[in-house]
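K.L.:
The listed protein sequences correspond, in order, to chains W and H.
Throughout the first sequence, residue numbering follows the numbering used here, covering 2 to 255 in sequence.
Throughout the second sequence, residue numbering follows the numbering used here, covering -13 to 300 in sequence.
From the three backbone atoms N, C-alpha and C, an ideal C-beta is built for every residue, glycine too.
Only a predicted model underlies this, so the values are computations on that prediction, with no experimental measurement involved.
Provided herewith is a single structure, encoded as structure tokens, for subsequent inquiry.
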Amino acid sequence: MNRSDAGSTGPAIVAHELTRRFGDFTAVDAISFTVQSGEVFGFLGANGAGKTTAIRMFTGLLAPTSGSASVAGFDVATESDRVRERIGYMSQRFSLYEDLTVRENIRLYGGIYGLDDATIRERSDVMLAELDFTPSVTSLVRSLPLGWKQKLAFSVALLHQPVVVFLDEPTGGVDPITRRQFWEMIYRAAARGTTVFVTTHYLDEAEYCDRLSIMVDGRLAALGTPAALKREYDVPSLDDVFVRLVRSPVADAG
Amino acid sequence: MTAPVVSVRGVSKRFGSTTALDAVSFEVAPGELFGIVGPDGAGKTTLFHVLTTLRVPDSGSASVLGFDVVRDLWSIRSRVGYMPGRFALYADLSVEENLGFFASVFGTTIADGLELIQPIYQQIEPFRDRKAGALSGGMKQKLALCCALVHRPELLLLDEPTTGVDAVSRREFWELLATLRESGLPIIAATPYMDEAARCDRIALMQDGRVLAIDEPAAVGTRFPRPLFAVRGKPRALLLDRLRAYPHMASAYPFGETVHFSDRRADMRVEQLRQELLVTLGTDGVSDLLVERIEAGIEDVFMELMAAPTAVAA
């Protein structure tokens, strides 16, 4: 399980007319895009725009109704096991087990991703040193400040050296300095070749992405670099771009 | 001078070894929209619990609408509207049933409160028979706001009303608050989003139980103690590393596509800094360097105050 695998030399994510319907409701409506290896890609949209459904398809948890997608070179519908081995996932709601210690969490996740004990030990030492992790590894995750929890959860999601890491609102509620430290970790991971796919409600944070997409009602309404999107809509901030695209009578219809 | 709506004087609250509130003091004037801005763990919720009489401070005192939060709790409870941070409505009751329930708890009816809540309620009324648990995030908030307002309170307390909600719903929610403020209702709202702070009359920046500063949003930036510059260059990671290592660096934080950089030398001018950085960072391999002088924003000041633990509250 490393990057020399067949299939992982091309783009990290390819979506082609990717569609998911639930009954007569189309949650994701023929979205197409390509994310390059090592790219920090922002995935934005209003609540209910279809982001979560799309992420569930990219992570192999939900089959597309039509269209296709590949992640790390493998088809999300027919090769979902191979996809899942090559991705990491972290969200604000689901990250580490609060009742386990730091060390136990690392061993648990390392084991889930099939790493042997020696590799887990070696990588976690490097990881904690890079994090400048000052609390004890025997402390319960519950006892850690939120900022440490989130930074640790991100590092753990990278422990098996995934090709793509999915971050679902990773920085909710953290202070501005920790948010920036978190983004620096994202850059470092991207510089090492990991592709970062991130959702956020902070529009100023979307500015940190190499490129970003904005979903509206299941469709991909915009895609580009932050600077290009602001130019295209001739507005000073991404917040204005987002509001222009999303604000419509049906935006909050339930 | 009119009496303040809320007066908090040196309030501290500890939970075991954690100091949730550390000698917090501030006042809110009649009709004011007052923001409490800070990350999770800053003490915002504990502060709301003290103001709503749900927790007794260890030390210090606070009054709400002229009543003491410890002695006069019943007078306060019937006069404030409180929207807690977590969704606290009945998921199995419909929109209308939730609203009716909250009205009845306060001895009133939906009809009595309708005038105040009408601008908000009309947006969710088409879904009045839908169970609250089946509403979207934005509509849940609007319902929660209606429930906090239905008994026509004299003060509205909102604990992170927009957390986890998309940018458009957040904006709409703040537009509703602006409408309520126009009616003269004083509002205290907590938020972790620095960009929302600009919508308040005044804000208190909070971190680790302490108030770092209190000011009008537009004036907060003037507290930044040094000239501030936005620096662009490629690659970004190298730019940031080199700026951090720069001998005269006072602070360097990534802000979107730029790095906000401040220099220890108080009289640093943009032309001089640009020349210096072109020479030093250019030889290190940073290209496309752009430097401009900028005004500090709330987030710049917040980080500056966070980094200086001895900062004294205004």
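(1) So, are the CB atoms of W/Asp205 and W/Ser92 less than 8 Å apart?
(2) Name the chain H residues that come within less than 8 Å of W/Ile178, Cβ to Cβ?
(3) Expressed to the nearest angstrom, what Euclidean distance is found between the alpha-carbon atoms of H/Val197 and W/Ala158?
(4) By the three-class DSSP mapping on this structure, what secondary structure does H/Thr31 have?
(5) Can a CB atom of chain H be found closer than 8 Å to the CB of W/Val236?
(6) Measuring straight from C-alpha to C-alpha, what distance separates W/Leu101 and W/Val142?
(7) Name the residue from H/Ala236, H/Tyr232 and H/Arg41 whose alpha carbon lies nearest to the alpha carbon of H/Leu264.
(8) Using three-state DSSP, classify H/Gln127 as helix, strand or coil.
(9) In three-state DSSP terms, what is H/Ala9?
(10) Give me the residue from H/Ala164, H/Ser122, H/Leu135 and H/Leu79 with the minimum Cα distance to H/Thr94.
(11) Are the Cβ atoms of H/Phe87 and H/Leu79 separated by less than 8 Å?
(12) Beta-carbon separation of H/Arg212 and H/Ala252 under 8 Å?
(13) Under the assumption that W/Phe198 contacts W/Val165 (Cβ atoms under 8 Å), give the Cβ distance between them as a whole number of angstroms.
(14) Between W/Gly39 and W/Ala191, how many whole angstroms is the CB-CB distance? I'm expecting something under 8 Å.
(15) Just to confirm, are H/Arg250 and H/Leu19 a CB contact at a threshold of 8 Å?
(16) Since I believe H/Val66 is in contact with H/Ala32 (beta carbons under 8 Å), could you give me their beta-carbon distance rounded to a whole number of angstroms?
(17) In the DSSP assignment, find the unbroken beta strand (DSSP E) run with H/Gly268 in it and report its ends.
(18) Terminal residues of the continuous alpha helix (DSSP H) containing W/Glu208?
(19) Short of 6 Å in beta carbon distance, which residues of its chain neighbour H/Glu140, apart from the five on each side in sequence? Order them along the chain.
(20) Can you tell me the Cα-Cα spacing of W/Asp211 and W/Tyr188, whole angstroms?
(21) Here's the rule I'm using: 16 or more other beta-carbon atoms within 10 Å means buried, otherwise exposed. How should W/Val242 be labelled?
(22) Taking CB distances under 8 Å as the criterion, tell me whether W/Asp25 reaches chain H.
(23) Should H/Asp270 be flagged as near chain W, meaning a C-beta pair shorter than 8 Å?
(24) Are H/Val151 and H/Gln127 touching if we call contact CB-CB under 8 Å?
(25) Going by the beta-carbon positions, is the gap between H/Phe210 and H/Asp286 smaller than 8 Å?
(26) Taking C-alpha atoms, which residue in H/Pro43, H/Phe247 and H/Leu59 lies nearest to H/Asn219?
(27) One question on the structure: do H/Ala353 and H/Gly21 come within less than 8 Å of each other, judged by their Cβ atoms?
(28) Determine the closest residue to H/Gly24 out of H/Val14, H/His137, H/Asp187 and H/Gly195, with distance taken between C-alpha atoms.
(29) Chain W partners of H/Gly52, CB-CB under 9 Å?
P.N.:
Here's the rundown:
(1) For the purposes of this step, residue 205 of chain W is taken as residue 204 along the first sequence, with counting starting at 1. For the purposes of this step, residue 92 of chain W is taken as residue 91 along the first sequence, with counting starting at 1. Against a cut-off of 8 Å, the Cβ pair of W/Ser92 and W/Asp205 comes out as no contact.
(2) Working through the first sequence from its first residue, we reach residue 178 of chain W at position 177. The answer, in chain order, is Tyr239, Met289, Met292 and Ala293.
(3) For the purposes of this step, residue 197 of chain H is identified with residue 211 of the second sequence, where counting begins at 1. For the purposes of this step, residue 158 of chain W is identified with residue 157 of the first sequence, where counting begins at 1. Looking at the two C-alpha atoms, the distance is approximately 35 Å.
(4) In the second sequence, counting from the first residue as 1, residue 31 of chain H sits at position 45. H/Thr31 sits in a helix when the DSSP states are folded into three classes.
(5) Along the first sequence, read from residue 1 onward, the residue named residue 236 of chain W stands at position 235. Closer than 8 Å: no.
(6) Here residue 101 of chain W refers to the residue found at position 100 of the first sequence. Here residue 142 of chain W refers to the residue found at position 141 of the first sequence. Straight-line measurement puts the Cα of W/Val142 at about 6 Å from the Cα of W/Leu101.
(7) As a first step, residue 264 of chain H is located in the second sequence; it is residue number 278 there, counting from the start. The residue among H/Ala236, H/Tyr232 and H/Arg41 with its C-alpha nearest the C-alpha of H/Leu264 is H/Tyr232.
(8) Here residue 127 of chain H refers to the residue found at position 141 of the second sequence. Three-state DSSP puts H/Gln127 in a helix.
(9) Looking up residue 9 of chain H in the second sequence gives position 23. Three-state result, H/Ala9: strand.
(10) Taking the first residue of the second sequence as 1, we reach residue 94 of chain H at position 108. If we check each option's Cα against that of H/Thr94, H/Leu135 comes out closest.
(11) The count along the second sequence starts at 1 and reaches residue 87 of chain H at position 101. The count along the second sequence starts at 1 and reaches residue 79 of chain H at position 93. It is a contact, given that the beta carbons lie within the stated cut-off.
(12) If you number the second sequence from 1, residue 212 of chain H lands on position 226. If you number the second sequence from 1, residue 252 of chain H lands on position 266. Yes.
(13) Within the first sequence, the letter at position 197 stands for residue 198 of chain W. Within the first sequence, the letter at position 164 stands for residue 165 of chain W. 6 Å between Cβ atoms; contact.
(14) Stepping through the first sequence from its first residue, residue 39 of chain W is reached at position 38. Stepping through the first sequence from its first residue, residue 191 of chain W is reached at position 190. The C-beta distance from W/Gly39 to W/Ala191 rounds to 5 Å, short enough to fall under 8 Å.
(15) What you label residue 250 of chain H is simply residue 264 of the second sequence in a count that begins at 1. What you label residue 19 of chain H is simply residue 33 of the second sequence in a count that begins at 1. Pairing H/Arg250 with H/Leu19 gives a Cβ-Cβ distance that is not under 8 Å.
(16) For the purposes of this step, residue 32 of chain H is taken as residue 46 along the second sequence, with counting starting at 1. For the purposes of this step, residue 66 of chain H is taken as residue 80 along the second sequence, with counting starting at 1. A small fix is needed here, since residue 32 of chain H is Thr in this sequence, not Ala. Actually they are not in contact, since the Cβ atoms of H/Thr32 and H/Val66 sit about 16 Å apart, beyond 8 Å.
(17) Within the second sequence, residue 268 of chain H is the residue found at index 282, counting from 1. Premise fails: H/Gly268 lies in the alpha helix (DSSP H), Val256 to Thr269, not in any beta strand (DSSP E).
(18) If you number the first sequence from 1, residue 208 of chain W lands on position 207. Per DSSP, W/Glu208 belongs to no alpha helix (DSSP H) and is neither H nor E.
(19) Residue 140 of chain H sits at position 154 when you count from the first residue of the second sequence. Within the same chain, H/Glu140 has close Cβ partners Leu51 and Arg65.
(20) In the first sequence, the residue the question calls residue 211 of chain W occupies position 210. In the first sequence, the residue the question calls residue 188 of chain W occupies position 187. CA-to-CA, the gap between W/Asp211 and W/Tyr188 works out to about 10 Å.
(21) Position 241 of the first sequence holds residue 242 of chain W. If you draw a 10 Å sphere on the C-beta of W/Val242, you find 16 or more other C-beta atoms in it, and that means buried.
(22) Within the first sequence, the letter at position 24 stands for residue 25 of chain W. No, because no Cβ of chain H sits closer than 8 Å to the Cβ of W/Asp25.
(23) Along the second sequence, read from residue 1 onward, the residue named residue 270 of chain H stands at position 284. Taking CB atoms only, H/Asp270 has no neighbour in chain W less than 8 Å away.
(24) The residue given as residue 151 of chain H occupies position 165 in the second sequence. The residue given as residue 127 of chain H occupies position 141 in the second sequence. Yes; because the gap between Cβ atoms is below 8 Å, this pair is in contact.
(25) To locate residue 210 of chain H, count along the second sequence from 1; it is residue 224. To locate residue 286 of chain H, count along the second sequence from 1; it is residue 300. A Cβ-Cβ contact shorter than 8 Å links H/Phe210 with H/Asp286.
(26) Translated into the one-based positions of the second sequence, residue 219 of chain H becomes position 233. A quick correction: the sequence has Gly, not Asn, at residue 219 of chain H. Closest by alpha carbon: H/Phe247.
(27) Within the shown structure, residues of chain H are numbered from -13 to 300, placing residue 353 of chain H beyond reach of any answer.
(28) As a first step, residue 24 of chain H must be located in the second sequence, where it is residue number 38. For the residues H/Val14, H/His137, H/Asp187 and H/Gly195, the minimum Cα distance to H/Gly24 belongs to H/Gly195.
(29) Within the second sequence, the letter at position 66 stands for residue 52 of chain H. Chain W residues near H/Gly52: none, gap ~34 Å exceeds 9 Å.
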